[in-house]
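Residue numbers (this note's numbering): 55 to 307.
This is how it looks when you write it as structure tokens:
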């Protein structure tokens, strides 16, 4: 399939399936820590046997399970939140790939596991996320889609070169459209400024890192010139990039 797309559409046209990449990350982390997982599975079997034989112990277990969850919740971000977000069929997902990849990496790096197993799994996941997902921002179509999404623009890129390449490609396309229109630029619609919302809740969330980035950008708004790009950018693209990033949940009109 990869060869067919390359042959008939050319280089750089195939967009990898991110849900499949997320699956590979989880599978890889499982393989990397196979012996430890087997030990835990054997312990779980023994624990299950014990609790099935004791009503009082089962009541204590239920009370413990109702308490706050820490490492387990964060480790399920890949399998649940990220996969669910990127697998939507009622909205465009191409502009979500790079933000999700960046947020996953940052979320895993901020984890502080308290067990040897948690530390090992975290290390495996970080290495696999970098290996599998970091190249996505160098995919031109995904980079352009992300920059053109007013909820994200450039804030989730780790590579300045990837941003510059995508903006150069967008600038070229805009100039070609200008020539087709006879040098007439499309009419721009000004958006009203919006306030940046707080995180939706205090529980672990894939997007809580995104909201924190927006807060940091708002706090450093006086230094917005640091996000400037190369000269020669079409005025409408420059104006778009200079506008505030809109809240993720805002409906575009």
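Note that CB positions come from ideal geometry on N, CA and C, so glycine has one too.
The Cβ-Cβ distance between residue 288 and residue 206 does not fall below 8 Å.
Inter-segment contact for the stretch 209-222 and the stretch 180-197 is present: three or more beta-carbon pairs are separated by less than 8 Å. The alpha-carbon separation between residue 100 and residue 118 amounts to approximately 18 Å.
For the alpha helix (DSSP H) assignment, the uninterrupted runs of no fewer than 4 residues enclosed by the stretch 159-221 are, from N- to C-terminal side, 170-187, 194-201. Around the C-beta of residue 161, 16 or more other C-beta atoms lie within 10 Å, and the residue is accordingly described as buried.
Just so you know, the alpha carbons of residue 94 and residue 113 end up roughly 22 Å apart. Excluding sequence positions up to five before and after residue 270, its CB lies less than 8 Å from no other CB in the same chain. Cβ neighbours of residue 135 within its own chain (closer than 6 Å, five residues either side excluded): 260. Classified as exposed, residue 110 has fewer than 16 neighbouring CB atoms from the shown chains inside 10 Å of its CB. With a threshold of 16 other beta carbon atoms within 10 Å, residue 139 meets it and is buried. Residue nearest to residue 218 within the set 235, 96, 197 is 197 (criterion: CA-CA distance). By the neighbour-count criterion, in which a residue is buried when 16 or more other Cβ atoms sit within 10 angstroms of its Cβ, residue 83 is buried.
Within the same chain, Cβ atoms closer than 6 Å to the Cβ of residue 159 are found at 183, the five residues on either side in sequence being excluded. Cβ-Cβ separation between residue 78 and residue 186: approximately 6 Å, consistent with a contact (criterion under 8 Å). In this structure residue 148 is in contact with residue 199, their Cβ atoms being roughly 4 Å apart against a cut-off of 8 Å. In this structure, residue 157 lies near residue 264, with their beta-carbon atoms less than 8 Å apart.
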